[in-house]
Every structure is written in structure tokens, then in C-alpha cells.
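Student:
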Amino acid sequence: MTAPAPVPPALLEFQTTLRVPESDGSPVELFRSFDDYINGNAPEVARVVEGVPIRESGGWRLGADVHVPFGEPPFPTVVHLHGGGWVMGSPWTHRRVSAELASRGLLVASIDYRRAPKHRFPGAVDDVAAALDWARGNAAELGGDPDRLIVSGDSAGANLAAVALATGAGDGVRAALLFYGIYDYHRALPTLSGLLGGEDAASQLYLPPDEFELLRGDPRCAPERQVQGFPPTLLSVGGLDPLRPESESMAARLAVAGVPHELYVAESAPHAFLQLPSLPAHDEGFDVAAAFLRRHGLL
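Reminder that position 125 of the sequence shown reads as 124 in numbering that gives the first Met the number 0, one-by-one numbering, no gaps.
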């Protein structure tokens with residue numbers, strides 16, 4: 000078994016400076032306090048349509064929370080995939096990310112895809128493909144422009160976004176915004192193990208154990224293996240993020256394939272900086288994404 004990757008000293012120093020609102024210590028209040036830090040005072044949007052139905056499959060009602068910006072439609076349409084290690088998170092926990100993107104003039108559909116371990120791979124992969132297909136056919140009804148379709152994701156969601164592009168589900172996608180993602184699942188396991196409760200847990204939560212080795216290098220787990228045909232892609236990652244090498248490796252693959260791309264490194268930021276509003280990298284990360292889309296004529 001590979002030992003978990005050590006935590007960089009700079010990240011440990013950063014963690015001592017991070018402060019969230021105090022709570023009375025109970026689990027419920029602690030959750031509320033942390034949620035208030037992440038999602039409190041998020042930008043206002045014109046409206047939020049929760050639970051927009053996409054399809055039902057395998058006992059799961061796939062849906063989206065749609066954040067509509069102020070202004071005159073049609074808007075560039077973002078299909079956003081939240082992070083959470085393929086096992087946690089939801090459009091609700093990541094609603095600030097959606098609101099921040101929407102405040103920059105984007106219609107954002109945050110997808111409530113299936114999560115492990117109840118719904119293992121490839122449930123989430125299939126859901127993302129269905130969500131992109133739904134956006135192509137239905138974005139206009141909500142004020143979106145299906146001809147300016149963008150896929151976005153943070154952490155595990157960035158993996159799923161890249162997988163969609165690598166496996167042919169991204170037809171018509173004009174750009175990708177990939178925030179601190181994982182682009183080769185098996186390679187990243189030593190780092191992920193520290194986040195998901197040890198390597199055994201990390202390797203068995205998302206992938207079916209009997210398929211674990213068979214899926215090594217499969218583009219559905221390692222999308223960087225199949226980047227030919229990717230649209231213009233922005234890779235964003237924190238300089239203190241233990242997963243930074245994943246974005247750097249993906250950037251190298253995109254360069255070899257001749258895919259227009261940019262790598263933005265927020266040097267003093269950790270993983271998940273888009274959910275840490277007290278950091279300068281938080282606002283800058285969203286602004287960099289908006290500027291990238293403007294340079295490619297999508298915003």
C-alpha cells in the first residue's frame with residue numbers, strides 16, 4: 000500500500016490562518032457555521048430554479064439547480080459539476096460557486112449527479128453525459144444559449160467534466176473550466192487517500208473493487224489519456240494544493256495535443272479555494288474564468 004502523500008509545510012501554515020465563524024461545538028451548529036462561511040453573502044442572481052428534472056435512471060432522479068443571471072437572455076450556459084470526492088457534495092453545498100459564476104453573466108446548471116458508494120462508477124459519468132445532452136436541448140427554455148455551452152467542474156467534478164470530453168459526451172461544448180481536478184484517478188490515489196479515509200477506502204468507494212485494476216488508464220478515470228478534440232480549456236489550481244501536479248500534467252497533455260489552454264496557479268491558495276471567500280484567490284479565480292471565456296468569444 001502506498002503511503003498518503005505528505006502535507007506540504009506551507010499548507011499546514013495556511014491552515015492555521017483559516018478561520019470560520021464560531022459555533023457551540025455541536026455537529027449541527029458546526030455544519031451550519033461552516034456552511035455560512037462557504038455560502039454566506041453569495042452574490043445575488045436573478046433567480047434560482049431548484050430541482051429542474053433531467054431524467055430518472057437506476058432509481059435516481061437526475062436534476063439540476065439553475066442559477067439565472069441578471070441581464071437579457073440568452074446567456075452562455077454552464078453545466079457545472081460539484082466536487083466532493085465522488086461521494087459528497089451537492090448543488091446546495093456548492094451553491095456559492097454557481098452564484099459566483101452566474102454573477103459574471105453565465106446561466107449555470109449545477110448537476111445533482113449520482114454519488115458513491117451507493118451509486119458507484121459509472122453512474123456519475125453517465126449522469127454527466129445525460130446532463131450535457133439535456134442542456135443542448137433545453138437550455139433555451141431557461142434563458143441559456145446552447146450554442147455557447149460550457150462544461151465546468153471543481154475537484155471530482157473537474158474529473159467528471161474532463162471525462163465527458165474525453166469520452167465523446169461533450170459534443171457542442173465550446174469551452175471547459177476545470178478547477179483543481181483529478182485527471183488520472185489511479186495516479187492521484189496516494190493524495191486522495193488522505194482526503195477519503197485511507198487508500199483502501201479511496202480505491203473502493205468510487206470504483207467497483209472488482210474493476211479497479213481493469214479501469215487503470217481508462218479515459219473514464221484518466222481523461223488526460225484522451226484529450227484530442229478538447230475545446231479551449233482553463234485549468235485552475237492552488238499553489239498549495241497537493242493535487243497541483245494533476246493540473247500540470249493535464250496542461251502538458253493538452254499542449255502536446257495542440258489544444259488551446261491556460262494554466263492558472265493561485266500560488267498561495269489550497270485546494271477548493273473557490274469555496275473559501277476570505278482568500279484573494281477566490282474572487283480572482285472566478286474573474287480569471289470569466290476573462291478566459293471572453294477571450295474565446297463566449298461571454
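Glycine included, every Cβ here is placed at the ideal spot set by N, Cα and C.
Could you give the C-beta distance for Tyr263 and Leu234, rounded to a whole number, given that I count them as a contact under 8 Å?
Tutor: The residue labelled residue 263 in the question sits at position 264 within the sequence shown. The residue labelled residue 234 in the question sits at position 235 within the sequence shown. Confirmed, Cβ separation roughly 7 Å.
Student: For the putative contact between Leu242 and Tyr179, defined by C-beta atoms under 8 Å, what is the C-beta separation to the nearest angstrom?
Tutor: For the purposes of this step, residue 242 is identified with residue 243 of the sequence shown, where counting begins at 1. For the purposes of this step, residue 179 is identified with residue 180 of the sequence shown, where counting begins at 1. Yes, Leu242 and Tyr179 are in contact; Cβ-Cβ is about 6 Å, under 8 Å.
Student: Please report how far the alpha carbon of Val86 lies from the alpha carbon of Trp59, in whole angstroms.
Tutor: Counting from 1 along the sequence shown, the entry for residue 86 is found at position 87. Counting from 1 along the sequence shown, the entry for residue 59 is found at position 60. Val86 and Trp59: Cα-Cα distance of roughly 15 Å.
Student: For Asp126, which of helix, strand or coil comes out of DSSP?
Tutor: Residue numbering aside, residue 126 sits at position 127 when the sequence shown is read from its first letter. Residue state, collapsed to three classes: helix.
Student: Would you kindly work out how many angstroms separate the C-alpha atoms of Ser64 and Tyr205, rounded to a whole number?
Tutor: Here residue 64 refers to the residue found at position 65 of the sequence shown. Here residue 205 refers to the residue found at position 206 of the sequence shown. What sits at residue 64 in the sequence shown is Asp, not Ser. C-alpha separation (whole angstroms): 24 Å.
Student: From this set, Ser32, Leu106, Arg186, which residue's C-alpha is nearest Ala139's C-alpha?
Tutor: Position 140 of the sequence shown, counted from the first residue, corresponds to residue 139. Per the Cα distances, Leu106.
Student: Using only the alpha-carbon positions, how far apart do Gly284 and Leu273 sit?
Tutor: Residue 284 sits at position 285 when you count from the first residue of the sequence shown. Residue 273 sits at position 274 when you count from the first residue of the sequence shown. Roughly 7 Å separates the two Cα atoms.
Student: If you run the structure through DSSP and keep just helix, strand and coil, what is Gly296?
Tutor: The residue you call residue 296 lines up with position 297 of the sequence shown. Residue state, collapsed to three classes: coil.
Student: CB of Asn158 to nearest heavy atom of the ligand ZN: below 7 Å?
Tutor: Within the structure as shown, the ligand ZN is missing, as the structure has no ligands at all.
Student: Run through DSSP, which three-state label would Gly104 get?
Tutor: Within the sequence shown, numbered from 1, the residue matching residue 104 stands at position 105. It is coil, neither helix nor strand.
Student: Opposite Arg46 in the DSSP bridges: which residues?
Tutor: Taking the sequence shown and counting its residues from 1, one reaches residue 46 at position 47. Val67, per the DSSP bridge assignment.
Student: Give me the Cα-Cα distance between Leu214 and Gly83, rounded to the nearest whole angstrom.
Tutor: Position 215 of the sequence shown, counted from the first residue, corresponds to residue 214. Position 84 of the sequence shown, counted from the first residue, corresponds to residue 83. Cα-Cα distance, rounded: 21 Å.
Student: Using DSSP with H/G/I as helix, E/B as strand and the rest coil, what is His281?
Tutor: Within the sequence shown, residue 281 is the residue found at index 282, counting from 1. If DSSP states are grouped into helix, strand and coil, His281 belongs with the helices.
Student: Would you mind listing the beta strand (DSSP E) stretches within the region 128-196 that are 3+ residues and don't spill past its ends, in chain order?
Tutor: You should have 143-153, 172-178.
Student: Tell me the DSSP bridge mates of Gly237?
Tutor: In the sequence shown, counting from the first residue as 1, residue 237 sits at position 238. Answer by DSSP bridge pairing, in chain order: Ala265.
Student: For the region 111-126 against the region 32-47, do three or more pairs of beta-carbon atoms, one drawn from each stretch, fall closer than 8 Å, so that the two count as touching?
Tutor: no
Student: Which value, in whole angstroms, describes the spacing of the CA atoms of His270 and Ala288?
Tutor: Taking the sequence shown and counting its residues from 1, one reaches residue 270 at position 271. Taking the sequence shown and counting its residues from 1, one reaches residue 288 at position 289. Near 17 Å, if we compare the C-alpha coordinates of Ala288 and His270.
Student: Out of curiosity, what's the CA-to-CA distance linking His185 and Gly216?
Tutor: If you number the sequence shown from 1, residue 185 lands on position 186. If you number the sequence shown from 1, residue 216 lands on position 217. Whole-angstrom Cα-Cα distance: 8 Å.
Student: For Val226, name the three-state secondary structure that DSSP assigns.
Tutor: Numbered from 1 along the sequence shown, position 227 holds the residue referred to as residue 226. Three-state result, Val226: coil.
Student: Give the straight-line distance between the Cα atoms of Pro259 and Pro230, rounded to the nearest whole angstrom.
Tutor: Within the sequence shown, the letter at position 260 stands for residue 259. Within the sequence shown, the letter at position 231 stands for residue 230. Approximately 7 Å between the Cα atoms of the pair.
Student: Let me know the secondary structure DSSP gives Pro208 once reduced to three states.
Tutor: As a position in the sequence shown, residue 208 is number 209, starting the count at 1. Helix.
Student: Can you check which of these residues, Val226, Asp132, Glu266, Val236, is closest to Ala256 by C-alpha distance?
Tutor: One-based indexing of the sequence shown puts residue 256 at position 257. Considering only alpha carbons, the answer is Val226.
Student: Just to check my reading of the structure: Pro218 and Thr166 have Cβ atoms closer than 8 Å, yes? What is that Cβ distance to the nearest angstrom?
Tutor: For the purposes of this step, residue 218 is identified with residue 219 of the sequence shown, where counting begins at 1. For the purposes of this step, residue 166 is identified with residue 167 of the sequence shown, where counting begins at 1. About 6 Å; that satisfies the 8 Å criterion.
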